[in-house]
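Step one of this worksheet: look at the structure below.
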Amino acid sequence: MRMLILGIALVLLSGTPVPAGQLQSGETFFERFPALTRAATSNYSTSYNFARYIFEVNVPTDSGEPLGGLVIGIPDGPVRVPSPDMIRAVSSDGAALDFAQVSLEGRNLRLVFARPVSPGAKVTIEFYPMRNPRIGGTYLFEVSAFPSGSAPRTQFLSFGRVTFYEPGGRR
């Protein structure tokens with residue numbers, strides 16, 4: 026108990042205010058994580074050309090930090106990695122969001138927003154046009170988020186599950 030009181034006193038007396046969601050090292054983090062609320066496609070048929078893949082993320086009002094960007098892991102195998110010109114972001118009011126950077130690290134797309142997405146907002150990421158895999162099944166897109174700041178801590182949100190069906194309804 027004595028150590029706890031001493032630790033609290035040191036933090037209070039340090040004189041350096043630290044914003045919510047930021048460590049003294051400068052690393053930023055979410056106090057409450059954003060949520061992947063939807064992963065879908067405009068067409069669930071295998072081998073379909075011109076499908077739109079959709080990922081919706083809600084940033085809670087008490088997240089502590091705005092959303093700086095997302096990392097979307099593309100499943101191994103027959104799912105193609107979209108090129109940067111095939112990716113767009115839309116805010117909850119329908120306005121287009123610009124990217125400061127779109128980079129590919131292995132099969133992970135790192136999308137950095139030009140202006141961070143405010144707490145309480147929703148962002149939709151769309152890949153278009155995409156060609157659906159030739160083989161039916163459920164594909165898992167790994168979605169992570171990171172707050173704005175020079176040293177953000179990336180947080181895994183969820184797997185976006187998208188199922189494609191072969192003719193006759195087979196997966």
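Note that the numbering used here has the sequence shown beginning at 26, numbered continuously upward. Every residue gets a Cβ at the ideal spot worked out from N, C-alpha and C, and that includes glycine.
task: Please name the residue or residues paired with A60 in a DSSP beta bridge.
output: N83
Query raised in the report: Which value, in whole angstroms, describes the spacing of the CA atoms of F171 and V106?
Result: 21 Å
*Cα separation between T163 and Y78?*
C-alpha of T163 to C-alpha of Y78: approximately 14 Å in a straight line.
Q.
Excluding the 5 residues flanking P154 on each side, which residues of the same chain have their C-beta closer than 8 Å to its C-beta?
A. N74, F75, A76, R77 and M111
(Q) Let me confirm a value: G51 is counted as buried when at least 16 other C-beta atoms fall within 10 Å, else exposed. Which label applies? (A) exposed
**Study point:** Stretch-stretch touch, CB-based, cutoff 8 Å, three pairs: the region 111-127 with the region 58-69
**Key:** With the cut-off at 8 Å, the region 111-127 and the region 58-69 do not touch.
- Whose C-beta lies closer than 6 Å to the C-beta of D93 among residues of the same chain, with five residues either side of it excluded? One point to set straight first is that residue 93 is Gly, not Asp, in the sequence displayed. Cβ within range, chain order: P141, F171, P172, S173 and P177.
Helix, strand or coil for P154, going by three-state DSSP, please let me know. Three-state result, P154: strand.
(Q) Quick check on G131: buried or exposed, where buried means 16 or more other Cβ atoms within 10 Å of its Cβ? (A) Classification for G131: exposed.
Along the beta strand (DSSP E) that carries E167, what are the first and last residues, could you check?
G162 to P172
ask   = Starting from R132 and walking both ways along the beta strand (DSSP E), at which residues does that stretch end?
value = First-last for R132: undefined, no H or E at that position.
*Figure out for me which residue from R156, T53 and S175 has the closest Cα to the Cα of S67.*
Relative to S67, the option among R156, T53 and S175 whose CA is nearest is R156.
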